[in-house]
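K.L.:
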Amino acid sequence: MAPLSAQDLRSHIVSLFAQALAQVAPGYAGATLALERPKAAEHGDFACNLALQLARPLRRNPRELAQALVAALPASQAIERTEIAGAGFVNVFVTAAAKRAALTAVLELESGYGRIDYGKGARVQVEFVSANPTGPLHVGHGRGAAYGASLANVLDFAGYAVEREYYVNDAGRQMDILALSTWLRYLQAQGVAVPFPPNAYQGEYVREMAAGIAAAHGTRYLRSADALLAGVPSVEEDAEAHLDALIANAKDVLGEDYAYVHQHALTEQLGDCRNDLQEFGVHFEHWFSERSLYEAGQVARALDQLEQAGHLYEQDGARWFRSTAFGDEKDRVVQRENGQYTYFASDIAYHLNKFERGFARVIDVWGADHHGYVARVKGALQAMGLDAQRLTVALVQFAVLYRDGKKASMSTRSGEFVTLRQLRDEVGNDAARLFYVLRKSDQHLDFDLDLAKSQNNENPVYYIQYAHARICSVLEEWGGDVGDLETVALSALDSPAELALLRELMEFPQVIEDAAHELAPHALAFYLKQLAAAFHSYYNSVRFLVEESSQREARLALVLGVRHVLRNGLRLLGVSAPEKM
RNA sequence: CUGCCCGUAGCUCAACCGGAUAGAGCACCGGCCUUCUAAGCCGGGGGUUAUGGGUUCGAGUCCCGUCGGGCAGGCCA
Numbered sequence: 135m136a137p138l139s140a141q142d143l144r145s146h147i148v149s150l151f152a153q154a155l156a157q158v159a160p161g162y163a164g165a166t167l168a169l170e171r172p173k174a175a176e177h178g179d180f181a182c183n184l185a186l187q188l189a190r191p192l193r194r195n196p197r198e199l200a201q202a203l204v205a206a207l208p209a210s211q212a213i214e215r216t217e218i219a220g221a222g223f224v225n226v227f228v229t230a231a232a233k234r235a236a237l238t239a240v241l242e243l244e245s246g247y248g249r250i251d252y253g254k255g256a257r258v259q260v261e262f263v264s265a266n267p268t269g270p271l272h273v274g275h276g277r278g279a280a281y282g283a284s285l286a287n288v289l290d291f292a293g294y295a296v297e298r299e300y301y302v303n304d305a306g307r308q309m310d311i312l313a314l315s316t317w318l319r320y321l322q323a324q325g326v327a328v329p330f331p332p333n334a335y336q337g338e339y340v341r342e343m344a345a346g347i348a349a350a351h352g353t354r355y356l357r358s359a360d361a362l363l364a365g366v367p368s369v370e371e372d373a374e375a376h377l378d379a380l381i382a383n384a385k386d387v388l389g390e391d392y393a394y395v396h397q398h399a400l401t402e403q404l405g406d407c408r409n410d411l412q413e414f415g416v417h418f419e420h421w422f423s424e425r426s427l428y429e430a431g432q433v434a435r436a437l438d439q440l441e442q443a444g445h446l447y448e449q450d451g452a453r454w455f456r457s458t459a460f461g462d463e464k465d466r467v468v469q470r471e472n473g474q475y476t477y478f479a480s481d482i483a484y485h486l487n488k489f490e491r492g493f494a495r496v497i498d499v500w501g502a503d504h505h506g507y508v509a510r511v512k513g514a515l516q517a518m519g520l521d522a523q524r525l526t527v528a529l530v531q532f533a534v535l536y537r538d539g540k541k542a543s544m545s546t547r548s549g550e551f552v553t554l555r556q557l558r559d560e561v562g563n564d565a566a567r568l569f570y571v572l573r574k575s576d577q578h579l580d581f582d583l584d585l586a587k588s589q590n591n592e593n594p595v596y597y598i599q600y601a602h603a604r605i606c607s608v609l610e611e612w613g614g615d616v617g618d619l620e621t622v623a624l625s626a627l628d629s630p631a632e633l634a635l636l637r638e639l640m641e642f643p644q645v646i647e648d649a650a651h652e653l654a655p656h657a658l659a660f661y662l663k664q665l666a667a668a669f670h671s672y673y674n675s676v677r678f679l680v681e682e683s684s685q686r687e688a689r690l691a692l693v694l695g696v697r698h699v700l701r702n703g704l705r706l707l708g709v710s711a712p713e714k715m
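Using the working numbering, you'd call the opening residue of the first sequence number 135 and step up by one each time.
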């Protein structure tokens, strides 16, 4: 028979059932039928629960229905046998020849094996990280980065046209606080006696930026403390008002020079963030500036649109969006009493902009602490007459670091947080990338630093990579040209371990589809562990470099196929596949 | 107080949008290196899926209550 790839084999069997269904229950011919992967090998390679699902509407005994389906199932060379089990499952056992043919497809497709057309080229935007450029990325951002990057890779592999985007919050108050913080440190370094507010950015990196400015421009930004502190309420009175007054004075006192300090701080921090992510294997097609929304008048335009649709109103001097009309708990302010737009206002404009760019689907990756924002953003989209269903917000739970079995401290603002860079330096990029996506994203993550660093069998990173390195080692020992293995006879592959491994390889495209559908890269990570386990088991059960050539070549072809899949999967997760360990 | 998320082996976690006997790893116990990498493999014990009800052929999964944990509830971002 002609080699069917795993994906083709699956759809081949689906079509057989569709034909059987059309004969047994013509009225339900259009029903969507899905094949399950049975957990237990005794249940075959595929299972169909169609009979169970049709039992009720047809008012027929499910086992009887299963009998009828099996009887109506067209013959196929790919099917060894079928059996009816349990309440009415139809278990399908695929022939060894069909499984070997799937391996042939793996060897032909190589790095393309597993790439599917599930997304049908639809444009999808994945926006992630989007941390304020006000300081180094910390370990919480790291999880969003690893999740978002892996997810985007998986979606791309599943046939979507993916665009990765980082939303740069370069317009808000937080940036002003950073600029102020930097300037205050600069003044202090110049010997000016100014206080440093407790709610300003405390980190060492702020001092470094100040030193950089001094080194490049000397005393150009030196001003008197009196002018800066004029009319500023005390910290004890109102810490936030204190900060805001200092910012206002800084803008006054520095005049044109304020823009330089602001821009310098932004450029420095964004650059640092970019480097950090690049080293982490995370890249973006677009870095989208919040400020550009204001400069292009898009914030005002978005609010006009809401205004004209009658979804805004004035109260207490502020402008509100009636988000309660769309299921939110309370209405939200979009423009403050002082005329300033809120963060929410630019977020509305940003999402309008996203939708206007024509994405079939928009995925926002947010920290779980932002879950309260989902309703209002979706509400705003609806209010503007857009289909909020096209937006999916993937909430990523926090990651908590553990060292020596104890929580490692992670407080914000105080400057005492563990940065992503520190984490990467400590455990390495591979361990960080894999550990971050080893859990379902909506699940809290306990990140065990000691485990991530350990070089032993407890560490899943090494477990998977070791499988890859072992294969490379075997192929090198063999010394032949792996290209030749593509066409060798595979009929020697017939042991239970070999058929089990073939079955694992066949599952890969389906794993990609599931991971894409569920937005769940962890499914891929689990699969790779499982594939590595099947390989290690095989490795210990049989010798590859045997005298008999057909057996030797067939086995080498099989492990070469495993290597392709391990590489493809690890690549999507941003983890390296070393050839030697 | 209100809303959202979560609760699965001693520990860390899976379970294919309701399917078959709830699965892995670690830890614990016992085995396997003169042969392609022992960072590996093989075997063993371990569960009332927090708890009480409900829905149906069938529930860890859906609905309600209770207990326990996390996160939100600014004219902050």
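The C-beta atom is built at its ideal place from N, Cα and C for all residues, glycine as well.
Could you give the C-beta distance for H396 and A313, rounded to a whole number, given that I count them as a contact under 8 Å?
P.N.:
Residue mapping note: residue 396 aligns to position 262 of the first sequence, counting from 1. Residue mapping note: residue 313 aligns to position 179 of the first sequence, counting from 1. Indeed, because the Cβ distance is near 4 Å, the residues count as touching under 8 Å.
K.L.:
Take every Cβ of the stretch 240 to 247, pair it with every Cβ of the stretch 690 to 702, and state whether three or more of those distances are shorter than 8 Å.
P.N.:
Cβ pair count under 8 Å is three or more, so yes.
K.L.:
Which residue or residues does DSSP assign as beta-bridge partners of K663?
P.N.:
To locate residue 663, count along the first sequence from 1; it is residue 529. The partner list for K663 (beta bridge, DSSP) is empty, contrary to what the question assumes.
K.L.:
Among D582, A666 and E297, which has the Cα closest to the Cα of G282?
P.N.:
Indexing the first sequence from 1 puts residue 282 at position 148. Out of D582, A666 and E297, E297 has the C-alpha closest to the C-alpha of G282.
K.L.:
Once the 5 residues before and after L704 are set aside, which same chain residues still bring their CB inside 6 Å of it?
P.N.:
Numbered from 1 along the first sequence, position 570 holds the residue referred to as residue 704. Cβ neighbours of L704 beyond the five flanking positions: A711.
K.L.:
Rounded to a whole number of angstroms, what is the C-alpha to C-alpha distance between D179 and A168?
P.N.:
Mapped onto the first sequence, residue 179 falls at position 45. Mapped onto the first sequence, residue 168 falls at position 34. Each residue's alpha carbon lies about 13 Å from the other.
K.L.:
Assuming contact is defined by CB atoms lying nearer than 8 Å, are N593 and L583 in contact in what I supplied?
P.N.:
Reading the first sequence from its first residue, position 459 is the one you call residue 593. Reading the first sequence from its first residue, position 449 is the one you call residue 583. It is not a contact, given that the beta carbons lie outside the stated cut-off.
K.L.:
Which one of G253, G461 and Q449 has the shortest CA to CA distance from Q469?
P.N.:
Working through the first sequence from its first residue, we reach residue 469 at position 335. Closest option to Q469, Cα to Cα, is Q449.
K.L.:
Determine, using beta-carbon pairs with one atom in the stretch 625 to 635 and one in the stretch 678 to 692, whether at least three such pairs fall under 8 Å.
P.N.:
Segments in contact, yes.
K.L.:
Output the distance between the C-alpha atoms of L535 and I598, rounded to the nearest integer angstrom.
P.N.:
To locate residue 535, count along the first sequence from 1; it is residue 401. To locate residue 598, count along the first sequence from 1; it is residue 464. Spanning the two alpha carbons is a distance of roughly 23 Å.
K.L.:
Per DSSP, A514 forms a beta bridge with which residues?
P.N.:
Taking the first sequence and counting its residues from 1, one reaches residue 514 at position 380. DSSP output for A514 lists no bridge partner at all.
K.L.:
Note the first and the last residue of the continuous beta strand (DSSP E) segment covering D582.
P.N.:
If you number the first sequence from 1, residue 582 lands on position 448. L579 to D582 is the span of the beta strand (DSSP E), which, as asked, contains D582.
K.L.:
Which word fits L658, buried or exposed, when buried means at least 16 other C-beta atoms lie within 10 angstroms of its C-beta?
P.N.:
Counting from 1 along the first sequence, the entry for residue 658 is found at position 524. By the 10 Å Cβ count, L658 comes out buried.
K.L.:
Would you decide whether F151 is buried or exposed? Buried here means 16 or more other CB atoms lie within 10 Å of its CB.
P.N.:
To locate residue 151, count along the first sequence from 1; it is residue 17. It counts as buried.
K.L.:
Going by beta-carbon coordinates alone, are R491 and R524 separated by less than 8 Å?
P.N.:
Start at 1 with the first residue of the first sequence, and residue 491 comes out as number 357. Start at 1 with the first residue of the first sequence, and residue 524 comes out as number 390. Against a cut-off of 8 Å, the Cβ pair of R524 and R491 comes out as no contact.
K.L.:
Taking only the alpha-carbon atoms, compute the straight-line gap between D538 and D618 and give it to the nearest angstrom.
P.N.:
Sequence index remark: in the first sequence, residue 538 carries index 404 (1-based). Sequence index remark: in the first sequence, residue 618 carries index 484 (1-based). If I take the Cα positions, the gap works out to 50 Å.
K.L.:
Find the nearest neighbour of S139 within the set A174, A231, L203 and L186, judged by alpha-carbon distance.
P.N.:
Taking the first residue of the first sequence as 1, we reach residue 139 at position 5. Residue A231 is the option with its Cα nearest to S139.
K.L.:
Using the Cβ count rule (16 or more neighbours within 10 Å means buried), how would you classify S671?
P.N.:
By one-based count along the first sequence, residue 671 stands at place 537. Exposed is the call here.
K.L.:
Tell me, to the nearest whole angstrom, how far the beta carbon of L520 is from that of A483; I am working on the premise that it is less than 8 Å.
P.N.:
By 1-based counting over the first sequence, the position of residue 520 is 386. By 1-based counting over the first sequence, the position of residue 483 is 349. About 13 Å; that fails the 8 Å criterion.
K.L.:
If you follow the alpha helix (DSSP H) that N287 is in, where does it begin and where does it stop?
P.N.:
Indexing the first sequence from 1 puts residue 287 at position 153. Unbroken alpha helix (DSSP H) run through N287: V273 to F291.
K.L.:
Give a yes or no on contact between the stretch 244 to 256 and the stretch 213 to 233, applying the rule of three or more CB pairs nearer than 8 Å.
P.N.:
No, the stretch 244 to 256 does not touch the stretch 213 to 233.
K.L.:
On a Cα-Cα basis, can you pick out the residue from H146, R194 and K173 that is closest to P208?
P.N.:
Against the first sequence, residue 208 aligns to sequence position 74. Comparing Cα-Cα distances from P208 to each of H146, R194 and K173, the minimum goes to H146.
K.L.:
Kindly identify the DSSP beta-bridge partner or partners of Y300.
P.N.:
Along the first sequence, one-based indexing puts residue 300 at 166. Note: Y300 sits in a beta bridge opposite W421.
K.L.:
Taking the alpha helix (DSSP H) that V709 belongs to, which residues open and close that run?
P.N.:
The residue labelled residue 709 in the question sits at position 575 within the first sequence. Taken as a continuous stretch (DSSP letters only), V709 belongs to no alpha helix (DSSP H), as it is neither H nor E.
K.L.:
Just to confirm, are A265 and C407 a CB contact at a threshold of 8 Å?
P.N.:
By 1-based counting over the first sequence, the position of residue 265 is 131. By 1-based counting over the first sequence, the position of residue 407 is 273. Contact: yes.
K.L.:
With a threshold of 6 Å on Cβ separation, who are the neighbours of K574 within its own chain once the five nearest residues in sequence on each side are excluded?
P.N.:
Stepping through the first sequence from its first residue, residue 574 is reached at position 440. Contacts found: H656.
K.L.:
For G222, collect the residues of the same chain with a Cβ closer than 6 Å to its Cβ; drop the 5 residues on either side in sequence, then sort them by chain order.
P.N.:
Taking the first sequence and counting its residues from 1, one reaches residue 222 at position 88. The residues are A185, L186, P196, R197 and A200.
K.L.:
Name the DSSP bridge partner or partners of R537?
P.N.:
Here residue 537 refers to the residue found at position 403 of the first sequence. R537 pairs with K540.
K.L.:
For T546, which residues of its own chain have a beta-carbon under 7 Å away from its beta-carbon, when the five flanking residues on both sides are left out?
P.N.:
Mapped onto the first sequence, residue 546 falls at position 412. For T546, the predicted model reports a pLDDT of 44, less than 50, meaning its position is unreliable and no value from the coordinates is stated.
K.L.:
Three or more beta-carbon pairs under 8 Å between the stretch 498 to 518 and the stretch 451 to 460, yes or no?
P.N.:
Result yes; three or more Cβ-Cβ pairs closer than 8 Å.
K.L.:
Among N674, V645 and R466, which has the Cα closest to the Cα of R604?
P.N.:
Counting from one through the first sequence, the residue named residue 604 turns up at place 470. Per the Cα distances, N674.
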